[in-house]
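Below: the structure, in structure tokens.
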Amino acid sequence: MTIEEAKEIKKQFDQDQTPSEEDKFIYTEAMDFLISETSDPYYMMELGGWYYEQKDFRLAKKYYEMAAALDDPNAYLCLGYIWYYGRTGEPDYKQAFECYSKAAERGSIVAEYKLADMYKNGYYVKKDYEKYKEIIEKLYEDVREAKYLSEPLPEIFTRLAAIRAGEGRKAEAAQLYLQAEDFLAQRIRYNPFFGNLSIMKYLIEDLYKLLDFDWYDINFYDLYYALQSPVKVTYEYTADDGSTRDVTVASKYEDGGAVVEFEGKWFRSIDDFFAKAEIDGHRVTEVYDRFYMIDQEDNYE
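Note that my numbering has the sequence shown beginning at 1, numbered continuously upward.
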């Protein structure tokens, strides 16, 4: 294998939406080759990020540590997540704080709001809610005009929304949640990373603590809330060729939890549905705006 061949394998893999197990193996071999031949932290972070998305956190940590040894700023951020959430064992908040601090010193807004979270929760540092609010208010000004989907607008807007809700400013909080939802839905269209879906799930739950749920004014991601009860929702779906057809999403309860039926397939949970459901070869999260609700049936059996 040559460097150019390995780069071509990476390029083809990045464009493949449904890689086979063999494709994944060839990709990891090519990336390891690029790392060994170039010692470029870019490839270390790419492979570490891929393993993180696969939830193989042990290998993710290995490559992040390789990049951190070369002082890559993103590596410190990613290692902060490994330690903060205890991805490879128990959380280590001291290590997380140190990694986030190094990333923040190098300009990472994400690291800054994670440090704010540590002040809010009293993890390694003394709990300081006012400092948490101060940091989030400042970061809101930094991202409020965000133009790129990779920017952490939803993460900061949802935190500020919770602050506003706690201050009794519920209308302002709801508006922040709605803005974050729109931005995040567009991000998920291109990057259905499990972390993005988790943010959306909790965003919707928090939004409907402030607003009454209205079946006549909902969007596709509101299913995170609606499917928590037995229900059948019928949508008009617009296909690639412009034709339309009716499709249904239904939730039922088995063994105390929701299972979801869509396009003749069953999903073991609402999370599983949003992570895996497809229609006409597209992830539902890719074509979420092609669904127009036309009917719903409560207490569906």
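Idealized CB from N, CA, C, for every residue including glycine.
- Per DSSP, the beta bridge partners of residue 257 are 254.
- Under the DSSP assignment, residue 158 falls outside any beta strand (DSSP E), being part of the alpha helix (DSSP H) whose first and last residues are 153 to 166.
- The beta carbon of residue 207 sits closer than 6 Å to those of 177, all from its chain and outside the five residues before and after it, given in chain order.
- Within its own chain, the residues whose Cβ lies closer than 6 Å to the Cβ of residue 108, once the five positions on either side in sequence are excluded, are 77, listed in chain order.
- Per the coordinates, the alpha-carbon of residue 217 lies some 49 Å from the alpha-carbon of residue 66.
- Leaving aside the five residues that flank residue 161 on each side, the residues in its chain whose CB is nearer than 6 Å to its CB run, in chain order, 173, 176 and 177.
- In the structure shown, residue 145 adopts coil according to DSSP, grouped into three states.
- In the three-state DSSP reduction, residue 110 falls in the helix class (H, G or I).
- Boundaries cannot be given for residue 213, as no alpha helix (DSSP H) includes it and DSSP labels it neither H nor E.
- As summarised for the region 63 to 88, the continuous alpha helix (DSSP H) elements at least 4 residues long and confined to that stretch are 73 to 84, given in chain order.
- The beta carbon of residue 68 sits closer than 7 Å to the beta carbons of 75, 76 and 79 from its chain, once the five residues preceding and following it are set aside; these are given in chain order.
- Sixteen is the threshold: since fewer than 16 other Cβ atoms of the shown chains lie within 10 Å of the Cβ of residue 29, the residue is exposed.
- By the Cβ rule, the region 187 to 203 does not count as touching the region 162 to 169, because fewer than three pairs are nearer than 8 Å.
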